[in-house]
Amino acid sequence: NLRDAQTMACGTAEPCSGTPTGVAFSGAATYWLTRYLGVEGSYVKPKTMTASGGTGFTFDSSLSADIWTLSGVGAVPLGPVRLYGKGGVNYHQAVSETSQTMGGATQAFAYRTKGYGWIFGGGLEGWVSSRVAIFGEASVARIRGDAEGGGEALIDDRLRLLVAGIRIHIGG
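Residues in the sequence shown are numbered from 172 upward in steps of one, following my numbering.
This is how it looks when you write it as C-alpha cells:
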C-alpha cells in the first residue's frame, strides 16, 4: 500500500472517496552467495490507486506505479527455517492522472515520475521440502521521484509491503 497516495489525491476536497493501492503483484529472485548472504531483485506492481470527489467541482484521480528493487540479504538458518533481513535500493516509474470538471468545462492533468529510493525489511521462510518453502515478509520502501521532463510534480511516499508466498529452490 502506498501510504499517502489517496490522501494527497483528495487534498481538502469533501467528499472524497476511492480505493488505495492495496493488493499488489510481486515477483523476486534471490541468489544466495553463501547460506548467510544473498542478493535479491524484485518487481512490485501495486493496484492502481483511485480517488474521486468534490463539491462545486468534481475530480477523478489515479496513480499507477511499477517498482523494481535490488537488495542485499542477510540470513540466519535455523534448521528448516531461515530468518532474514534485507536492505537496498528501489527504482520506480509512476503515472498520475486527474480529470477535473467545473461548470461543464473539463481539464485533464497527467504527469510521470521516476526515481530512486531505499527499501528495507525482513521475513521468515520455512522449508517444507528441499525445493519448496513458504514465506512471510514485511518491508518498507521510500518511493521518491521527480516529474519526467522537469516541472514541479513529484512523488514522495512510503510503500508498505506485507508479502506471503511460496519459494522454489532452483539449482544444486
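Ideal Cβ positions, reconstructed from N, Cα and C, are used throughout, including at glycine. Since the model is a prediction, treat every value here as computed from it, not as a measurement.
Exercise. With distances taken Cα to Cα, identify the nearest neighbour of T221 among L208, E268, Y202.
Key: Residue 221 sits at position 50 when you count from the first residue of the sequence shown. A check of alpha carbon separations from T221 across L208, E268, Y202 identifies E268 as the nearest.
Exercise. Please state whether DSSP places A184 in a helix, a strand or coil.
Key: By 1-based counting over the sequence shown, the position of residue 184 is 13. A184: coil per DSSP, three-state reduction.
Self-check item: DSSP-derived helix/strand/coil call for T192
Solution: As a working mapping, residue 192 is identified with position 21 in the sequence shown. Coil at T192, not helix or strand.
Practice problem: Could you say which of W289, G225, E308, K285 lies nearest to A236 if we only look at CA atoms? | Solution: Residue numbering aside, residue 236 sits at position 65 when the sequence shown is read from its first letter. Proximity to A236 across W289, G225, E308, K285 peaks at K285, based on C-alpha coordinates.
Quiz item: Taking DSSP as the reference, what is the three-state secondary structure of T178?
Solution: Counting from 1 along the sequence shown, the entry for residue 178 is found at position 7. It is helical.
Self-check item: Whether S232 touches A195 by CB criterion (7 Å)
Solution: As a working note, residue 232 is residue 61 in the sequence shown. As a working note, residue 195 is residue 24 in the sequence shown. No, these two residues do not count as a Cβ contact at 7 Å.
Quiz item: Going by DSSP, what residues sit across from H340 in a beta bridge?
Solution: On the sequence shown, residue 340 is found 169 positions in, with the first residue counted as 1. BP columns for H340 are empty, so no partner.
Exercise. Compute the Euclidean distance between the alpha carbons of G250 and V334, then round it to the nearest angstrom.
Key: Within the sequence shown, numbered from 1, the residue matching residue 250 stands at position 79. Within the sequence shown, numbered from 1, the residue matching residue 334 stands at position 163. Spanning the two alpha carbons is a distance of roughly 22 Å.
Quiz item: Does the distance from the C-beta atom of G336 to that of A309 stay below 7 Å?
Solution: Within the sequence shown, residue 336 is the residue found at index 165, counting from 1. Within the sequence shown, residue 309 is the residue found at index 138, counting from 1. Taking the C-beta atoms as reference points, A309 is found no nearer than 7 Å to G336.
Exercise. Confirm, please, whether the CB-CB distance from A312 to L330 is below 7 Å.
Key: The residue given as residue 330 occupies position 159 in the sequence shown. The residue given as residue 312 occupies position 141 in the sequence shown. Their beta carbons are under 7 Å apart, which means L330 touches A312 by this criterion.
Self-check item: Rounded separation between A271 and F280 - CA only
Solution: The residue labelled residue 271 in the question sits at position 100 within the sequence shown. The residue labelled residue 280 in the question sits at position 109 within the sequence shown. Here the sequence assigns Gln to residue 271, which means Ala is not the residue at that position. One C-alpha to the other measures close to 8 Å.
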